[in-house]
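Q: Please read through the structure below; I'll follow up with questions.
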Amino acid sequence: MKYSVHDYAKALDGAIADSTAEPVAKKEVIVKNFLELIRKNNDEGHMKKILDEAARLARGRGRGKADAMRQVTIQSARPLSKAQEKMVQSFLRVNDIVEYEIDLELVAGVKIIVNDEMQFDGTMKAKLDSLFGAVV
Numbered sequence: 299m300k301y302s303v304h305d306y307a308k309a310l311d312g313a314i315a316d317s318t319a320e321p322v323a324k325k326e327v328i329v330k331n332f333l334e335l336i337r338k339n340n341d342e343g344h345m346k347k348i349l350d351e352a353a354r355l356a357r358g359r360g361r362g363k364a365d366a367m368r369q370v371t372i373q374s375a376r377p378l379s380k381a382q383e384k385m386v387q388s389f390l391r392v393n394d395i396v397e398y399e400i401d402l403e404l405v406a407g408v409k410i411i412v413n414d415e416m417q418f419d420g421t422m423k424a425k426l427d428s429l430f431g432a433v434v
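Position in the sequence shown (first residue = 1) + 298 = the working numbering.
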């Protein structure tokens with residue numbers, strides 16, 4: 299790998315941040331050139347990591363602001379009920395990027411992860427792991 303994932307992500311985030319006032323066509327050229335650079339360096343296999351890191355950096359630019367974007371992942375064993383969705387909506391902000399995931403290993407309950415940093419784990423799996431982990 300010619301450059302680290304973080305270096306690529308920082309370059310992409312900076313280029314996009316600098317072009318916020320530019321028309322969409324200019325942003326498309328920036329992204330096209332960035333992808334061309336990655337292909338030229340044979341680093342296409344790291345693309346997901348690069349894009350995830352660039353998204354994290356972009357969210358971090360607004361840190362401390364009430365309108366900052368957050369990546370919120372909501373995991374549950376089955377689809378949320380209307381009451382659960384309403385409860386989750388009260389927690390979310392307008393600019394949040396929300397992703398719902400079904401994870402059958404959770405048994406019951408909900409796990410909420412914000413920006414891959416903060417986590418609330420109210421799942422039955424966590425409670426069982428805690429209970430039986432202490433016994434062993």
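Glycine included, every Cβ here is placed at the ideal spot set by N, Cα and C.
Using the three-state DSSP reduction, which class does Val405 fall into: helix, strand or coil?
A: Residue 405 sits at position 107 when you count from the first residue of the sequence shown. Correct three-state label for Val405: coil.
Q: Would you kindly report the start and end of the unbroken alpha helix (DSSP H) that includes Leu370?
A: Walking along the sequence shown from the start, residue 370 turns up at place 72. As written in the sequence, residue 370 is Val, which differs from the Leu given in the question. First-last for Val370: Gln369 to Ser374, but that is the beta strand (DSSP E), not the alpha helix (DSSP H).
Q: For Gln382 and Asp394, what's the separation of their Cα atoms in angstroms?
A: Within the sequence shown, the letter at position 84 stands for residue 382. Within the sequence shown, the letter at position 96 stands for residue 394. Taking the straight line from one Cα to the other gives about 18 Å.
Q: Quick one: grab the DSSP three-state call for Glu326.
A: Counting from 1 along the sequence shown, the entry for residue 326 is found at position 28. In this structure, Glu326 counts as helix in the three-state DSSP scheme.
Q: Thinking Val408 and Gln373 are a contact (beta carbons under 8 Å), I'd like their distance in whole angstroms, please.
A: By one-based count along the sequence shown, residue 408 stands at place 110. By one-based count along the sequence shown, residue 373 stands at place 75. About 7 Å; that satisfies the 8 Å criterion.
Q: May I ask you to verify whether the segment 334-351 touches the segment 302-312, counting CB pairs closer than 8 Å and requiring at least 3?
A: Because the criterion of three Cβ pairs below 8 Å is met, the segment 334-351 and the segment 302-312 touch.
Q: Measure the alpha-carbon distance for Gly420 versus Ala353 and round it to whole angstroms.
A: Walking along the sequence shown from the start, residue 420 turns up at place 122. Walking along the sequence shown from the start, residue 353 turns up at place 55. Distance between the alpha carbons of Gly420 and Ala353: 27 Å.
Q: So what does DSSP say about Tyr306, is it helix, strand or coil?
A: Here residue 306 corresponds to residue number 8 of the sequence shown, with the count starting at 1. Here Tyr306 sits in helix by DSSP.
Q: Among the residues of its own chain, which have a CB less than 8 Å from the CB of Ala313, if the five just before and after it don't count?
A: Locating residue 313 in the sequence shown gives position 15, where the first residue counts as 1. Answer for Ala313: Ile328 and Phe332, listed in chain order.
Q: Candidates Val386, Met416, Phe418 and Ser302: which alpha carbon is nearest Gly447's?
A: Because the chain here runs from 299 to 434, residue 447 falls outside it and cannot be looked at.
Q: According to DSSP, Ile336 sits in a beta bridge with which residue or residues?
A: Stepping through the sequence shown from its first residue, residue 336 is reached at position 38. Answer is none; Ile336 lacks a bridge partner.
Q: So what does DSSP say about Met299, is it helix, strand or coil?
A: Walking along the sequence shown from the start, residue 299 turns up at place 1. DSSP places Met299 in coil when its eight states are reduced to three.
Q: Give the range of the beta strand (DSSP E) segment to which Val392 is assigned.
A: Here residue 392 is taken as the residue at index 94 of the sequence shown, counted from 1. Val392 -> no beta strand (DSSP E), and no H or E assigned at all.
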